[in-house]
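Numbering (our numbering), first residue to last: 79 to 327.
Below is one structure, written out as structure tokens; the observations come after it.
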């Protein structure tokens, strides 16, 4: 029987790569994005459904769960970024980060649990970041939103394990080929006051020339491993830099 995976945030980056990875291996895929664009995945595929989803909207989440039907795996991948000095970050934008990265994950998870619980089967995979593995400067809010999901997932794994539902974390490293920077809700220039430039300069230079990076394929492969794991492993670092950080913890 063909399995089905539901992935949030598939318009680009990790989500798109993961959808393509599972499609290529025979899975049925429900790919979600705020504004569905069928052309994102090329030609027609009868194992692919593209549905609208705003993880911050309760009605949108409920409509998606109804439309998608039972799924074997949920991947909470949708997220937004913001990099800069915490002092300069407006509180409304901080709340917006948490609405998507933290509360959006919780909303999707809570919505999918009843059906998985009744079947006593399913896997929930939450995509966080290697920023949870070691402190990264200029990423305090983003890290906090992802650390919240790390704690949430660890606890949830215990209570849902009673119903044979597995909860996993995938922790991607730094992926310069994604749209993380260009999709940030505020540009970096607006979030670096002059007083921070001496501090930020060397850090930004390091980001421009990283020793190791993560690719979208690395993350798709880690999600594949997490979806098939039955050992009880919680965390799956994705990409050589994330793996190195995890080993150093």
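Ideal Cβ positions, reconstructed from N, Cα and C, are used throughout, including at glycine.
Option in the options with minimal Cα separation from residue i
i	options	result
residue 276	163, 92, 130, 148	163
residue 215	296, 114, 278, 154	278
residue 82	102, 272, 91	102
residue 226	149, 175, 129, 123	175
residue 169	288, 123, 317, 263	263
residue 90	100, 155, 137	155
residue 267	161, 255, 280	161
residue 219	303, 322, 165	165
Residue i (DSSP reduced to helix, strand or coil)
i	result
residue 125	coil
residue 241	coil
residue 214	coil
residue 202	strand
residue 167	coil
residue 280	helix
residue 103	coil
residue 161	coil
residue 187	helix
residue 227	helix
residue 288	coil
residue 154	strand
residue 174	helix
residue 86	coil
Integer Cβ distance of residue i from residue j, believed to fall under 8 Å
i	j	result
residue 315	residue 211	7 Å
residue 202	residue 133	Not confirmed; about 14 Å, so no contact.
residue 139	residue 125	Wrong, their Cβ atoms sit about 23 Å apart, outside the cutoff.
residue 187	residue 157	Rounded, the Cβ-Cβ distance is 14 Å, inconsistent with contact.
residue 228	residue 247	6 Å
residue 37	residue 292	No information on residue 37 is available, as it lies outside the stretch 79 to 327 that the chain covers here.
residue 86	residue 149	Between residue 149 and residue 86 the Cβ distance is about 12 Å, and since that is not below 8 Å, they are no contact.
residue 297	residue 96	7 Å
Buried/exposed call for residue i, threshold 16 Cβ in 10 Å
i	result
residue 294	buried
residue 250	buried
residue 282	exposed
residue 167	buried
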